[in-house]
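What follows is a short report on a single structure.
Residue numbers (our numbering), protein chains in the order written: chain A, 105 to 472; chain B, 2 to 243; chain C, 557 to 856.
Here you go:
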C-alpha cells in the first residue's frame, strides 16, 4: 500500500512540474467550457433577414416592427422586387426573406386571411427550421392580439419555402463542413507533423548542413500533401454527388480553384505550427486544439455564428475555414459564380499570403 | 542448490519467432562476485539480462536468481534485486531527496529506514548542497553515482547494472567502480554489462556473448592467457572476429 | 588551415557550454576532440557546422566564416551528428541516393571514396535503415556524409554505443579516408581512440585542457606512473587511498595507476606499507602514462 502511495505522490510531482500538463489540466478545460458554452447553441440570435413588403400598410408595418424588436432577428435590408430575392440569398447576406403579399390589411379585413411567405436559406437545415418556427410564433402571437376583440378570426397564413435544400437534408450542411475539416486535417496537421518528425529524428540537422535550401525543404514537404488533399477533395465531392445525391449547382472548376486556395492556406498553417513545435506530439496537439476545435466550433459549420457572443464572432472572422465554408456552400448548394463570393475569396487569399509570409519568416535556418 | 550461487543459469533460451536471440546459455554467479557480462550490440546481452531480472519470459531452459525461479517467481526476484541502466535511472523532474524517497517507498522500506538511508546516502555522496535540486540539473557523473546508490537502497542480494558508465568522465567512472567494489566487498553480487573493455578487467569473471551464445567465460587473467591478448579489448576483438 | 576556432564561447540560459575555446586543424589532419558527455563537443560541432551561433569569438571552416558564409560551408562539408541520423524507413540504398541527390551528385561519381565502407553494408542495401545494427548504421551514416566528397568531415561521437569491433573498424576506415585528402574532425568519449588521431584536444566542462599530438601529450605527464597490483583490488585501492604520500590513485584494468607526491619516491617503501596492510603478491612497476591518465590529471 505504501508503495502505491509513494507512486501516486511521484505522479503528482510530474504533473505539477510540467508546464504543458498543467495547461492541459487547467487551462484547456476552462477554455473549452467557455467556448462550448457560448458557441454551442441551437437557438438563434440576431439572424439577418430581409423583408419584401408589397403592401406597406399599417398591419405589415406592425408585424415588421414586432419582428425587428425580437432578439432573434435583425432586419438587414428591404428587398424591392421579387426578382431580387434570389440574388439576396446568393449573396448570403440574409438567412430568410419575409414576403408580404399585396394588400395585406385589405385582404385580412375582406377575406379574413392574408399570406406571408417565409423563405429560408436551407443550406443550414436546422437553422432554417428554427427560423421558420420562430417567425411563425411571432406571427401567431400577433394574430392572437389582432383577434382579441373580433368575432370572426383573422388568419395570417404563413407559406414556408426552403430554398437550396427543400427536403432539409442535413447532408447538405454536413458535407461542406466535413470537407473543410478533412482538408484542414490532412494539410495542416500532417505537414506540421512531417516537419517536426525530421527535427525529432535529427535528420533536420543534416538537411540544414547541406546545399538544399530551406524553402526547397518546405515546398518539398508540402508538395505530396497538396496532391493528397486534392484527391481527398475530389473523393468527397464524388461521394456526396453519387451517394448522397447532393447537387453541385455551381462550377466545379471554381470549386476546384477555391479548394486549392484553402488547401494552400492550411499547408501554410501547418508549416507555421512546425516552426513553433519541437516534437511531433506538440505539433499534433496544436493542430488539434488550436486548429481543429476552433474550426469545428467557430466556423459556422454546425453552430450558427450569429448566435454566438460578439467576441467569438470576431474570432470566427480570422478562421480561414469560416470563409471557405461560405464559399463551398455558395458554389455547391446555391450555384453562385465568382461575382457573389469574390469578397470571401479575397479574404482567404490575403490570409493565405499572410500565413505563407509568416511561416517563411519564422522558418529557422539554425537550431536555435 | 548451492547457497553460494546467487545466479544459476542452465540452457536458458529466448526466441522471437524463429530468431534465436539467446541460445541455451549456461553459467553461475557466486555471492559477492563482480560478474562482467560482455558482448557486441545485438549479441543477446540485453535480452539475457531482461530474463534474469524478471521482465522477460524465457522460451526454454532454467534459471534462478537470488534463489527464485525466473519462470514462476519474478515478483520475488524483483524484490530482491537492484537495477540501474544507462538509459534511465532517476526522474529528472524530481529532486535528489524525492527520488530517494520514491524508490525507497517502491521497495517497501519503512519511513524511518528511508530517512536513515537518505541521510547516509546524501552524506556519503557529498550531495548535501543539492539535496533539494532537481536531478535533471545535476552533472551526469553525480546522477550515475546517485542512481547506483538508489539501486542498492533496499540492500538487495544482487544488483544488475546495464552499461552504467556510458559517457561519464574518466574520474567519475573510477569513483563509480570504487563504489562497486565496496558493494561487492559487503556481499552484494554485481552483474554488470559494459562497453569499456578496461572495466572488464575490474571484474572477477567475465563472460562474452557472440550471436546468442556464451563463447568465453573466465577470469580476465585466464582469458588473456587463453587468447594470447595483452588486454580485454584484444580478447574481445579476437573472439568477435573469429 | 582547414578549421580555425578563435575564442569561442557559448552559453545556454545559465549554463556556459563552451568557455573561450581556440584551436586549429590542418588540412587532411585527423583531429580528435576527446572528452566525456557534457564537455561541449556537440555544441562546438554545431557552431562549426553553422547550426548554432556562438556568443563570443569566431571560427572558419575551409576558409569560410561560420556566420556570414554559412551557405558555402553547408555546401561543402560532410556532417554526421550523434546517434547517426538516418531515415529509418528508407533502405540503405535509398538513404545513400537521397543524400547524393541533395548534394548534387550521384553514388557512382564518388563511389571510390566510399567503396571500402559500402561493400560491408552492400549485402543489406535493400534493408530499411531502422533495421540495421548499430555498427552498420554507423557505416551507412559515414557513407552518406562522404558521398559528395566533402573537404571537411565532421563526425560527432560516431563510435558511441557501438561495440569494440565496429569501433576499431570505423577508425581504420577513417585512417584510409585521411589519405584521400579529407580533413576530419572527430569527437569521442573513448580515450583509447585518441591515440589514433594526428592531434587531439582534451575537453571537459567547456574548456580545453590541452592540445597536442597524442605522443606529446602523454610525454608531458608530470609524474612517473606506477602499475601496482595485489591479490585484492578493493583493499589495494583503499590502502593506497589511505597512504599519506599518494598523489593519485586510479584503477586501470588489472592494475592501479599510482603516483606519489614525493620526488624521491622509492617503490620499496610502498611495497612494505602495502604488505603491512596484509596484501600479498604485491607488484609495483614503472609504466607509461596514457591519454586517460593525462586527462584525469588535467581535469583535477
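C-beta atoms are modelled at their ideal positions from N, C-alpha and C, and glycine is treated no differently.
| task | Just grab the DSSP bridge partners of residue 270 of chain A for me. | result | On the first chain, residue 270 of chain A is found 166 positions in, with the first residue counted as 1. Looking at the DSSP assignment, residue 270 of chain A forms no beta bridge with any residue, so it has no partner.
| CA-CA distance, residue 159 of chain A and residue 454 of chain A? | Translated into the one-based positions of the first chain, residue 159 of chain A becomes position 55. Translated into the one-based positions of the first chain, residue 454 of chain A becomes position 350. So the alpha carbons of these two residues sit roughly 44 Å apart.
| said: With DSSP as the reference, identify every bridge partner of residue 636 of chain C, one or two as the case may be. | reply: By 1-based counting over the third chain, the position of residue 636 of chain C is 80. Answer by DSSP bridge pairing, in chain order: C:711.
| said: So the candidates are B:198, B:63, B:79; which of them puts its Cα closest to the Cα of residue 72 of chain B? | reply: For this step, residue 72 of chain B is matched to residue 71 along the second chain. Ranking B:198, B:63, B:79 by Cα distance to residue 72 of chain B puts B:63 first.
| In three-state terms, what does DSSP make of residue 559 of chain C? | For the purposes of this step, residue 559 of chain C is identified with residue 3 of the third chain, where counting begins at 1. Looking at residue 559 of chain C - three-state DSSP - the assignment turns out to be strand.
| Could you give the residue range of the alpha helix (DSSP H) that holds residue 735 of chain C? | Counted from its first residue, the third chain places residue 735 of chain C at position 179. Looking at the DSSP string, residue 735 of chain C is not in any alpha helix (DSSP H), and its letter there is neither H nor E.
| query | Using a C-beta to C-beta distance shorter than 9 Å, which residues of chain D count as neighbours of residue 43 of chain B? | reply | The chain inventory of the structure shown lacks chain D, comprising the protein chains A, B and C.
| field | Beta carbon of residue 378 of chain A nearer than 8 Å to that of residue 387 of chain A | value | In the first chain, residue 378 of chain A corresponds to position 274, counting from 1. In the first chain, residue 387 of chain A corresponds to position 283, counting from 1. Cβ atoms of residue 378 of chain A and residue 387 of chain A: closer than 8 Å.
| query | Is it the case that the Cβ atoms of residue 413 of chain A and residue 142 of chain A are separated by a distance below 8 Å? | reply | Counted from its first residue, the first chain places residue 413 of chain A at position 309. Counted from its first residue, the first chain places residue 142 of chain A at position 38. In contact: residue 413 of chain A and residue 142 of chain A (Cβ atoms closer than 8 Å).
| Roughly how many angstroms lie between the CA atoms of residue 34 of chain B and residue 205 of chain B, to the nearest whole one? | Working through the second chain from its first residue, we reach residue 34 of chain B at position 33. Working through the second chain from its first residue, we reach residue 205 of chain B at position 204. Rounded to whole angstroms, residue 34 of chain B to residue 205 of chain B spans 6 Å at the Cα level.
| How would you list, in chain order, the residues of chain C whose beta-carbon sits under 8 Å from the beta-carbon of residue 163 of chain B? | Locating residue 163 of chain B in the second chain gives position 162, counting from the first residue. What residue 163 of chain B touches in chain C: nothing, since even the nearest Cβ is about 12 Å away.
| field | Below-8 Å beta-carbon distance, residue 38 of chain B vs any chain A residue | value | Against the second chain, residue 38 of chain B aligns to sequence position 37. Chain A, which has no Cβ nearer than 8 Å to the Cβ of residue 38 of chain B, makes this no.
| said: Quick check on residue 325 of chain A: buried or exposed, where buried means 16 or more other Cβ atoms within 10 Å of its Cβ? | reply: Within the first chain, residue 325 of chain A is the residue found at index 221, counting from 1. Buried is the call here.
| field | Beta-carbon proximity check, residue 118 of chain B vs residue 154 of chain B, cutoff 8 Å | value | Counting from 1 along the second chain, the entry for residue 118 of chain B is found at position 117. Counting from 1 along the second chain, the entry for residue 154 of chain B is found at position 153. The answer is yes: Cβ separation under 8 Å.
| alpha helix (DSSP H) segments (min. 4 residues) lying fully within the stretch 618-698 of chain C | 626-632, 648-658, 667-677
| Can you tell me the Cα-Cα spacing of residue 176 of chain A and residue 398 of chain A, whole angstroms? | As a working note, residue 176 of chain A is residue 72 in the first chain. As a working note, residue 398 of chain A is residue 294 in the first chain. Taking the straight line joining both Cα atoms gives about 24 Å.
| request: Output the boundary residues of the alpha helix (DSSP H) element that contains residue 428 of chain A. | output: Residue numbering aside, residue 428 of chain A sits at position 324 when the first chain is read from its first letter. Segment 424-433, the alpha helix (DSSP H) holding residue 428 of chain A.
| query | For chain C, is any of its Cβ atoms less than 8 Å away from the one on residue 172 of chain B? | reply | Against the second chain, residue 172 of chain B aligns to sequence position 171. Yes, its Cβ sits closer than 8 Å to a Cβ of chain C.
| Assuming residue 470 of chain A and residue 609 of chain C make a contact with CB atoms under 8 Å, what is their CB distance in whole Å? | Here residue 470 of chain A refers to the residue found at position 366 of the first chain. Here residue 609 of chain C refers to the residue found at position 53 of the third chain. Correct: roughly 7 Å between the Cβ atoms.
| request: State whether the stretch 431-446 of chain A contacts the stretch 356-365 of chain A, with contact taken as three or more CB pairs (one from each stretch) at a distance under 8 Å. | output: yes
| task | Label residue 157 of chain A either buried or exposed according to how many other C-beta atoms from any shown protein chain fall within 10 Å of its C-beta, with 16 as the threshold for buried. | result | As a working mapping, residue 157 of chain A is identified with position 53 in the first chain. Classification for residue 157 of chain A: buried.
| query | So which residues on chain B does residue 793 of chain C lean against when the C-beta distance must stay under 7 Å? | reply | Within the third chain, residue 793 of chain C is the residue found at index 237, counting from 1. Near residue 793 of chain C (Cβ distances below 7 Å), the residues of chain B are 179, 182.
| said: In whole angstroms, give me the CA-to-CA distance for residue 426 of chain A and residue 323 of chain A. | reply: By one-based count along the first chain, residue 426 of chain A stands at place 322. By one-based count along the first chain, residue 323 of chain A stands at place 219. Roughly 26 Å separates the two Cα atoms.
| message | Do residue 604 of chain C and residue 617 of chain C have their beta-carbon atoms positioned less than 8 Å apart in this structure? | response | Here residue 617 of chain C refers to the residue found at position 61 when the third chain is read from its first residue. Here residue 604 of chain C refers to the residue found at position 48 when the third chain is read from its first residue. Yes, the Cβ-Cβ distance between residue 617 of chain C and residue 604 of chain C is below 8 Å.
| query | DSSP on residue 224 of chain A, reduced to helix/strand/coil? | reply | In the first chain, residue 224 of chain A corresponds to position 120, counting from 1. DSSP places residue 224 of chain A in strand when its eight states are reduced to three.
| said: Let me check you understand the geometry: is the CB of residue 360 of chain A closer than 7 Å to at least one non-hydrogen atom of the ligand ADP? | reply: What this structure holds is no ligand at all, so the ligand ADP is not there to describe.
| said: Tell me which residues share the same chain as residue 275 of chain A and place their Cβ nearer than 8 Å to its Cβ, disregarding the 5 neighbours each side in the sequence. | reply: Start at 1 with the first residue of the first chain, and residue 275 of chain A comes out as number 171. Same-chain partners within the cutoff: 344, 348, 350.
| field | Residues near residue 87 of chain B by beta carbon distance below 7 Å, same chain, minus five either side | value | Numbered from 1 along the second chain, position 86 holds the residue referred to as residue 87 of chain B. Cβ within range, chain order: 163, 164, 165, 167.
| First and last residue of the beta strand (DSSP E) that includes residue 706 of chain C? | As a working mapping, residue 706 of chain C is identified with position 150 in the third chain. Note, residue 706 of chain C: premise wrong, no beta strand (DSSP E); not H, not E.
| task | For the stretch 106-123 of chain A, enumerate the residues whose C-beta is nearer than 8 Å to any C-beta of chain B, in chain order. | result | 106, 107, 109, 110, 111, 113, 114, 117, 118, 121, 122
| task | Taking residue 772 of chain C as the reference, give the member of C:628, C:750, C:785 with the closest Cα. | result | Locating residue 772 of chain C in the third chain gives position 216, counting from the first residue. If we check each option's Cα against that of residue 772 of chain C, C:750 comes out closest.
| said: Looking at the secondary structure, which residues open and close the alpha helix (DSSP H) in which residue 99 of chain B lies? | reply: In the second chain, residue 99 of chain B corresponds to position 98, counting from 1. That run of the alpha helix (DSSP H) goes 97-107.
| Whole-angstrom Cβ separation of residue 171 of chain A and residue 119 of chain A, contact assumed at under 8 Å? | The count along the first chain starts at 1 and reaches residue 171 of chain A at position 67. The count along the first chain starts at 1 and reaches residue 119 of chain A at position 15. Residue 171 of chain A to residue 119 of chain A, Cβ: 54 Å. No contact.
| task | State yes or no: is the beta carbon of residue 217 of chain B nearer than 8 Å to at least one beta carbon in chain C? | result | Here the question's residue 217 of chain B lines up with position 216 in the second chain. Not one chain C Cβ lies under 8 Å of residue 217 of chain B.
| field | Chain-ordered chain A contacts of residue 11 of chain B [CB-CB under 9 Å] | value | For this step, residue 11 of chain B is matched to residue 10 along the second chain. Under the 9 Å cutoff, chain A gives no residues; its nearest Cβ is about 33 Å from residue 11 of chain B.
| field | Same chain only: Cβ atoms within 7 Å of residue 195 of chain A, ignoring 5 sequence neighbours per side | value | As a position in the first chain, residue 195 of chain A is number 91, starting the count at 1. 444, listed in sequence order.
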